[in-house]
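K.L.:
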Amino acid sequence: MMNVSVTETVSPEKWRERVLQAHDHGFVFFDFLTAIDRDSGVEVVVRLAFNDLSESISLSTSINHASLRLDSIADIFPGAGWHEREVGEMFGMNFVGNDMQQLLRHEALGLPPMRKNVVLSARVVAEWPGAAEPEIKQDGRKVGNPSRRRQRPPGVPENWLQS
Amino acid sequence: MIHSFIALLPDKCTSCMLCVRECPAWCIHLDSHTEEVTEPGARRPKKINVLDSFDIDYSLCMYCGICVDVCPFDALEWDQHRALISDSRVDLTLGITQLTSEKDSAN
Ligand code: SF4
Ligand code: SF4
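Top line first, the protein sequences correspond to chains A and B.
Number 202 marks the last residue of the first sequence (our numbering); no jumps.
Number 698 marks the last residue of the second sequence (our numbering); no jumps.
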């Protein structure tokens, strides 16, 4: 059972050093490494725990979109190598020291799909079911005013198809 | 309860479209029309939405439960139907009559 859980933000420069420090402190169980795309940059998060899972720590760091470079921790936790490569191809991150070959996606697929500024082609091709306004139909005919408010899928920026 | 299925209670659904619009997988499709009903004693007929179709495409659904959470009328609920197995994607889209809860079908 997980008892104590700590969250800590570190600077990108201190990332590797802080992970190593945590490892040496006893956080030797690598749980996962992932990322979140925020306005301010790509936030990379790693969660580590004691071997008996009695304590855990989450470390996070924010890398601005212009750089997207961070030291790899795969030499400390070999299991993190796979996660870093995933974050690499999904968020466009470059983990210095790790082999950043594409893992599952083909290079020709282009921009990293988990970045919010990337328009997913599947979303362009598919029709959003929420665009329907079924409540304005009557006996198969349209009644009332359909354009009370233009609906947009949640999380999709305005004019996303034009950008 | 195992969260392995989302059941629709069609009588509670008002066709408000909230679940359709919030579903991140875009896998709920709904169609409805308006009918006028005159209730006894009411001065004017009122308009109600009548559900024509409600489909969840389980080949896309990721069981996030957002639809269950956002429904203001509790018309969607978790159910313990087992995961669907099919070799055809078409069969994974379930409509009103198939989205019934195990509780209901047991009765
Ligand atoms: S569980 Fe999530 S993905 Fe599945 S229908 Fe509901 S909102 Fe959509
Ligand atoms: S949110 Fe609930 S009431 Fe609204 S359309 Fe969906 S199931 Fe029906």
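We put the beta carbon where it would ideally sit given N, CA and C, even for glycine.
Would you report the Cα separation of A:Glu166 and B:Ile619, rounded to the nearest angstrom?
P.N.:
Spanning the two alpha carbons is a distance of roughly 12 Å.
K.L.:
Does any heavy atom of ligand 1 sit closer than 7 Å to the C-beta of B:Ile657?
P.N.:
B:Ile657 Cβ: within cutoff of ligand 1.
K.L.:
Give the DSSP-derived three-state secondary structure of B:Asn698 in the structure shown.
P.N.:
Unreliable placement is indicated for B:Asn698, whose pLDDT of 38 sits below 50; the coordinate value is still reported in the next sentence. Looking at B:Asn698 - three-state DSSP - the assignment turns out to be coil, as it is neither helix nor strand.
K.L.:
Going by DSSP, which residues form a beta bridge with B:Arg612?
P.N.:
Answer is none; B:Arg612 lacks a bridge partner.
K.L.:
For ligand 1, any of its heavy atoms closer than 7 Å to the Cβ of B:Met592?
P.N.:
B:Met592: no, Cβ never under 7 Å from ligand 1.
K.L.:
Can you find a C-beta in chain B that's less than 8 Å from the C-beta of A:Trp167?
P.N.:
Cβ-Cβ to chain B under 8 Å: yes for A:Trp167.
K.L.:
Rounding to the nearest angstrom, what Cα-Cα distance links B:Ala697 and B:Thr629 in this structure?
P.N.:
The pLDDT assigned to B:Ala697 is 44, lower than 50, so where the model puts this residue is not dependable, and the model offers no usable value.
K.L.:
Going along chain B in order, which residues have a C-beta closer than 7 Å to the C-beta of A:Gln190?
P.N.:
Neighbours of A:Gln190 on chain B, chain order: Arg612.
K.L.:
Measure the CB-CB distance between B:Asp643 and B:Thr684 and report whether it falls below 8 Å.
P.N.:
Contact: no.
K.L.:
List, in chain order, every chain A residue whose beta-carbon is nearer than 7 Å to that of B:Met653.
P.N.:
In chain order: nothing, as chain A lies at least about 14 Å away.
K.L.:
For A:Val85, which residues in the same chain have their Cβ closer than 6 Å to its Cβ, ignoring the five residues on either side in sequence?
P.N.:
If we look at A:Val85 and ignore the five residues flanking it on each side, its Cβ neighbours are Leu72, Leu98.
K.L.:
If you measure between the beta carbons of B:Gly686 and B:Asp660, is that distance less than 8 Å?
P.N.:
No, the pair does not count as a contact, with Cβ atoms beyond the cut-off.
K.L.:
Taking 8 Å as the CB-CB cut-off, is A:Pro193 touching chain B?
P.N.:
Yes, because at least one Cβ of chain B sits closer than 8 Å to the Cβ of A:Pro193.
K.L.:
Around the Cβ of A:Met132, are there at least 16 other Cβ atoms within 10 angstroms (buried) or fewer (exposed)?
P.N.:
Buried: at least 16 other Cβ atoms inside 10 Å.
K.L.:
In whole angstroms, what is the alpha-carbon distance linking B:Thr625 and B:Cys614?
P.N.:
Approximately 24 Å, taken between the alpha carbons.
K.L.:
Can you give me the C-alpha to C-alpha distance between B:Phe596 and A:Asp110, rounded to a whole angstrom?
P.N.:
Between B:Phe596 and A:Asp110, the C-alpha separation is close to 42 Å.
K.L.:
Along the segment 633-648 of chain B, what residues have a CB closer than 7 Å to any CB found in chain A?
P.N.:
Listed in sequence order: Asn640.
K.L.:
Any contact between the segment 104-119 of chain A and the segment 132-144 of chain A? By contact I mean 3 or more CB pairs, one from each, below 8 Å.
P.N.:
Flag = yes, the segment 104-119 of chain A and the segment 132-144 of chain A touch.
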